[in-house]
Amino acid sequence: MIGSLASPYPLKSITDAELQQLTQTLWNWKICEACQNGETCINSRCSWRRSARLERFFDFYKYVTSSYVPDLLPASTPALRNHDDVFEIIRLLQAYPDMKRSELTHEYFSKRDRPPPSSDQHWAFNLAVQVMSMVKCSAENQPSGLLELGTQPIQWLYNESLAEFISRAFPQKDTGNLHIYDGSGEIRDIKSALSAKRLRKIAGLRFQGTDDLRNHLKMDVKKGLWKFTITQPSSGST
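All residue numbers for the sequence shown refer to my numbering, where the first residue is 32 and numbers rise by one.
This is the structure:
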């Protein structure tokens, strides 16, 4: 066995308690004691009551984390030993959004007795960012495969903060005037008319899910496909 690893997929399984920790980490959910103990919820203010709506996001999280395979060297330990490590990195990123990637990585892994290889450290931070933002990123000089529409995972540079990375991933653009005049001369917001049903029927568009937020509402003109976000791996079109 290479390194200190009992399973090649340390994040393959996840418990309800860990999913609760995920929501607490990402959105500061307040979960009642009954739900934490797996009992019937009687607290109307308990955030976990909304968890059924997040089934697809939970599937997305499971998909992203279960595919993690540590890049280990002899006597090294995985960058992500369990889901708690993912949550800790997310909390670090939330606390220091203006700190450079290189500084964040050093801050987190320098506390380990046996730091993992740098490639595995980068993978851990890439994964945490993907969970937070639904954007697949890679480190500099790190191999990465093609995503949908032939796009590459966006690089999060070593000397770049998370805030700078997000701003670059989602540049602000002028969408122009989205208002039209109806027959009476009144201004109407065109967005209310852009329903999926109308676009499919009138414009002949097809819709395909995406798990990368950068592709949300991205149009593939040649194929007549319009991407929209779903929180699980995309498969097929409608």
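A virtual CB, placed ideally from N, CA and C, is assigned to each residue, including glycine.
Relative to the Cα of Ala-159, the nearest Cα in the group Pro-148, Cys-72, Leu-193, Lys-142 belongs to Leu-193. The continuous alpha helix (DSSP H) containing Asn-157 extends over residues 149-164.
Of the residues assessed, Phe-201 falls on the exposed side of the cut-off, its CB having fewer than 16 other CB atoms within 10 angstroms. With respect to the 8 Å criterion, Tyr-92 and Ser-133 are not classified as neighbours on the basis of their beta carbons. Under the three-state reduction of DSSP output, Cys-168 falls in the strand class.
Within the DSSP bridge table, the entry for Ile-185 names Cys-168 as partners. The beta strand (DSSP E) runs lying completely inside the region 51-87 and spanning 3 residues or more number zero.
Of the residues Gln-152, Phe-196, Cys-63, Asn-59, the one whose Cα lies closest to the Cα of Asp-116 is Gln-152. Under the three-state reduction of DSSP output, Lys-93 falls in the helix class. Contact annotation: Tyr-40 and Ser-97 have beta-carbon atoms nearer than 8 Å. In the structure shown, Ser-44 adopts coil according to DSSP, grouped into three states. Taking the Cα positions, Trp-187 is about 12 Å away from Leu-135. Classified as exposed, Lys-43 has fewer than 16 neighbouring CB atoms from the shown chains inside 10 Å of its CB.
The bridge partners DSSP lists for Lys-131 are Ser-192.
Non-local beta-carbon contacts of Ser-150 in its own chain, meaning distances under 6 Å to residues more than five positions away in sequence, involve Asp-102 in chain order. With a cutoff of 8 Å on beta-carbon distance, Asn-74 and Ala-83 are scored as not near each other. In this model, Ala-126 and Glu-191 are separated by some 16 Å (Cα to Cα).
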